[in-house]
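A.B. asks:
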Amino acid sequence: MHKSPTEQQVLQAYGWAKERYAAIGVDADKAQQQLAQIAISLHCWQGDDVGGFEDPTRGLSGGILATGDYPGKARSPGELRQDLDQAYSLIPGTHRLNLHAVYGDGDGKKVGRNDWQPHHFHGWIEWAKRNNHGIDFNPTCFSHPMADSGFTLASYDKRIRSFWIDHCRLSRQIGAYIGRELDTTTITNLWIPDGFKDTPVDRKTPRLLLEDSLDKIFAEEIDARFNKDAVEAKLFGIGSESYIVGSHEFYLGYAISRGKLLCLDAGHFHPTELISDKISSVLGHIPELLLHVSRGVRWDSDHVVTLTDELQGIMQEIVRGDYLDRVHIGLDFFDASINRVAAWVIGARNTLRALLMALLEPVGQIQALERAGDYTARLALLEELKGLPFGAVWDIYCMQQGVPVGLAFMDQVRTYEKQVLSLRA
Ligand code: RNT
Ligand code: ZN
Numbered sequence: 001m002h003k004s005p006t007e008q009q010v011l012q013a014y015g016w017a018k019e020r021y022a023a024i025g026v027d028a029d030k031a032q033q034q035l036a037q038i039a040i041s042l043h044c045w046q047g048d049d050v051g052g053f054e055d056p057t058r059g060l061s062g063g064i065l066a067t068g069d070y071p072g073k074a075r076s077p078g079e080l081r082q083d084l085d086q087a088y089s090l091i092p093g094t095h096r097l098n099l100h101a102v103y104g105d106g107d108g109k110k111v112g113r114n115d116w117q118p119h120h121f122h123g124w125i126e127w128a129k130r131n132n133h134g135i136d137f138n139p140t141c142f143s144h145p146m147a148d149s150g151f152t153l154a155s156y157d158k159r160i161r162s163f164w165i166d167h168c169r170l171s172r173q174i175g176a177y178i179g180r181e182l183d184t185t186t187i188t189n190l191w192i193p194d195g196f197k198d199t200p201v202d203r204k205t206p207r208l209l210l211e212d213s214l215d216k217i218f219a220e221e222i223d224a225r226f227n228k229d230a231v232e233a234k235l236f237g238i239g240s241e242s243y244i245v246g247s248h249e250f251y252l253g254y255a256i257s258r259g260k261l262l263c264l265d266a267g268h269f270h271p272t273e274l275i276s277d278k279i280s281s282v283l284g285h286i287p288e289l290l291l292h293v294s295r296g297v298r299w300d301s302d303h304v305v306t307l308t309d310e311l312q313g314i315m316q317e318i319v320r321g322d323y324l325d326r327v328h329i330g331l332d333f334f335d336a337s338i339n340r341v342a343a344w345v346i347g348a349r350n351t352l353r354a355l356l357m358a359l360l361e362p363v364g365q366i367q368a369l370e371r372a373g374d375y376t377a378r379l380a381l382l383e384e385l386k387g388l389p390f391g392a393v394w395d396i397y398c399m400q401q402g403v404p405v406g407l408a409f410m411d412q413v414r415t416y417e418k419q420v421l422s423l424r425a
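Mapping of the sequence shown onto the working numbering: position 154 corresponds to residue 154, and the numbering continues sequentially without gaps.
#1: Tell me, to the nearest whole angstrom, how far the beta carbon of residue 160 is from that of residue 116; I am working on the premise that it is less than 8 Å.
#2: Within the present structure, is the beta-carbon of residue 127 separated from the nearest heavy atom of the ligand RNT by less than 7 Å?
#3: Return yes when the Cβ of residue 165 is within less than 8 Å of the Cβ of residue 240, no when it is not.
#4: In angstroms with no decimal places, state the Cα-to-Cα distance between residue 24 and residue 394.
#5: Put residue 306 into one of helix, strand or coil per three-state DSSP.
#6: Are the CB atoms of residue 185 and residue 121 within a distance shorter than 8 Å?
#7: Kindly examine the ligand ZN and report whether one of its heavy atoms sits closer than 7 Å to the Cβ of residue 265.
#8: For residue 301, name the three-state secondary structure that DSSP assigns.
#9: Out of 382, 79, 85, 44, which one is the CA nearest neighbour of residue 292?
#10: Can you tell me whether residue 419 is buried or exposed? The criterion is at least 16 other CB atoms within 10 Å of its CB, across all chains shown.
#11: Where are the alpha helix (DSSP H) runs, 4 residues long or more, that stay fully inside the segment 69-103, in chain order?
#12: Does the beta-carbon of residue 248, which I'm using as the reference point, lie nearer than 7 Å to any heavy atom of the ligand RNT?
#13: Locate the alpha helix (DSSP H) running through residue 364, then write down its first and last residues.
#14: Quick one: grab the DSSP three-state call for residue 383.
#15: Near residue 111, which residues of its chain fall below 7 Å by C-beta distance, leaving aside the five closest residues on each side in sequence?
#16: Determine the contact status of residue 359 and residue 330, defining contact as a CB-CB distance below 8 Å.
#17: Mind the definition here: the segment 89-97 touches the segment 32-46 only if three or more C-beta pairs lie below 8 Å; say whether that holds.
#18: Under a three-way DSSP split, which group does residue 186 fall into?
#19: Flag this pair as touching only if the segment 242-254 and the segment 195-214 have three or more C-beta atom pairs under 8 Å; answer yes or no.
#20: Can you list, in chain order, the residues of its chain whose CB lies under 8 Å from that of residue 7, leaving out five sequence neighbours each side?
#21: Please report the straight-line C-alpha distance between residue 408 and residue 153, rounded to a whole angstrom.
#22: Take every Cβ of the segment 68-81, pair it with every Cβ of the segment 347-366, and state whether three or more of those distances are shorter than 8 Å.
#23: Please confirm whether any heavy atom of the ligand RNT lies closer than 7 Å to the CB of residue 232.
#24: The ligand ZN and residue 194: does the residue's C-beta get closer than 7 Å to at least one heavy atom of that ligand?
#25: Rounded to the nearest angstrom, what separates residue 224 and residue 9 at their Cα positions?
#26: Return the chain-ordered ranges of every alpha helix (DSSP H) run that is complete within the segment 101-162 and spans a minimum of 4 residues.
#27: Taking all protein chains shown into account, do 16 or more other C-beta atoms lie within 10 angstroms of the C-beta of residue 99, making it buried, or fewer, making it exposed?
#28: Return the first residue and the last residue of the beta strand (DSSP E) that residue 41 is part of.
#29: Could you give the DSSP three-state label for residue 35: helix, strand or coil?
#30: Using three-state DSSP, classify residue 230 as helix, strand or coil.
#31: In chain order, what residues of the same chain have a beta carbon less than 6 Å from the beta carbon of residue 193, not counting five sequence neighbours either side?
#32: Considering only the beta carbon of each residue, do residue 396 and residue 381 sit closer than 8 Å?
#33: From this set, 404, 235, 352, 118, which residue's C-alpha is nearest residue 102's C-alpha?
#34: On the DSSP bridge assignment, give the partners of residue 243 in chain order.
#35: For a test of your reading of the model: does the CB of residue 292 fall under 7 Å from any non-hydrogen atom of the ligand ZN? Yes or no.
#36: Below 6 Å CB to CB, which residues in the same chain sit around residue 316 once its five sequence neighbours on both sides are set aside?
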């Protein structure tokens, strides 16, 4: 058992921390109120290594890979919801769920990729209503025979293109249905794996085909109160190392010209290229942004999000730029080598911790120093901030939100593992 601080210790530490922040002009109470308003979208696919419930015999493909075989992964929508409930109960705040099309409930029967219907998602919708989760959505354009060529919406084969156009259209409709039911806009994000292992001769035609497919998918007007569309670019995948049709420039241009949301995945760029710097670069040109907060280790490896400089950089950019209303924060990682519930909790808590750190900055003051050209004072203040008692603010926030303070969340993860996960053979 982990020894948690007592309520009195948490309060005492916070009293002192609050004064330290007040001394630099930061209201720590207000930072917590702001944090409580932010819903992050927890990705369903960490719960079962991106398997889905369409066909349990089918492996993951499409240039992404989950490694590890930690016992206890969810095998049905019911089990996945149970695991999610456990994870949400250890994460402060009220958060959304990011669902992939293949996570519908076929009630034991195999459902074809283009046969998913809104009613297959009623279990999720009812659960979301009960627990106040908004839901986001994704067409699943991988792990399917029609994607085995490595191409979907950009395929030279019209039959394949049509198949995936239909699937993406259907997904937008399901997204809108869910958004209407839950009375909160669903963000439906489109990612496809299309690309070449080796150097192509024609880089142009697949992009023209993709553009045409996208226009067909988005031709149907959908009320933006219920569904908004995002497009996600990538640099390379396993088996598509040399060329990806949906590159960053391709989708940035597409999002700008069609008024779509852009999705920036932190793992989808060169290893030293950071998405934090892209936020203010693109938000001048597109209305809203979706983030896939992830952590690549040498490549797009989708490791659990840790409290890195870049995670802090991303959240600082959102807060400093006053973009909280225009940036949707989703998580995207899948580690099958550790307890999957813990993976969600650690990644989500880190994301919130980075947000809280950003909300505890005296933004106006640092920006005034910068504008005045006082870079010495800017540096001094930024470095001083790193040593302020942020942890005491995080602890009281967790306590007041009714979730475990500190490592005590791991006790609950272990108990759940013993009582539930370990019984799944
Ligand atoms: C793949 C993309 C995409 C997926 C999910 C499962 O490289 O990041 O977002 O991770 O759709
Ligand atoms: Zn992603």
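Note that CB positions come from ideal geometry on N, CA and C, so glycine has one too.
C.D. replies: A quick look at the data gives this:
#1: That pair is no contact at about 18 Å.
#2: no
#3: No, the Cβ-Cβ distance between residue 240 and residue 165 is not below 8 Å.
#4: Straight-line Cα distance between these residues: approximately 18 Å.
#5: The three-state secondary structure of residue 306, taken from DSSP, is coil.
#6: Taking the C-beta atoms as reference points, residue 185 is found no nearer than 8 Å to residue 121.
#7: Within the cutoff, so yes.
#8: Residue 301 falls in the strand class under three-state DSSP.
#9: Per the Cα distances, 44.
#10: exposed
#11: Considered as a whole, the segment 69-103 harbours 77-88 as its complete alpha helix (DSSP H) runs of no fewer than 4 residues, in chain order.
#12: Answer for residue 248: no, Cβ out of range of the ligand RNT.
#13: 363-371
#14: helix
#15: 54, 104, 120
#16: With contacts defined as CB atoms closer than 8 Å, residue 359 and residue 330 fail to qualify as a contacting pair.
#17: Short answer: they touch.
#18: strand
#19: yes
#20: 399
#21: 46 Å
#22: no
#23: yes
#24: Not so, every heavy atom of the ligand ZN lies at least 7 Å from the Cβ.
#25: 47 Å
#26: 122-131
#27: Label assigned to residue 99: buried.
#28: For residue 41, the enclosing beta strand (DSSP E) begins and ends at 41-43.
#29: helix
#30: In the structure shown, residue 230 adopts extended strand secondary structure according to DSSP, grouped into three states.
#31: If you ignore the 5 residues before and after residue 193, its C-beta comes within less than 6 Å of the C-beta of 62, 63, 142, 237, all in its own chain and listed in chain order.
#32: no
#33: 118
#34: 196
#35: yes
#36: Non-local C-beta neighbours of residue 316 in its own chain, meaning closer than 6 Å and more than five positions away in sequence, comprise 358, ordered along the chain.
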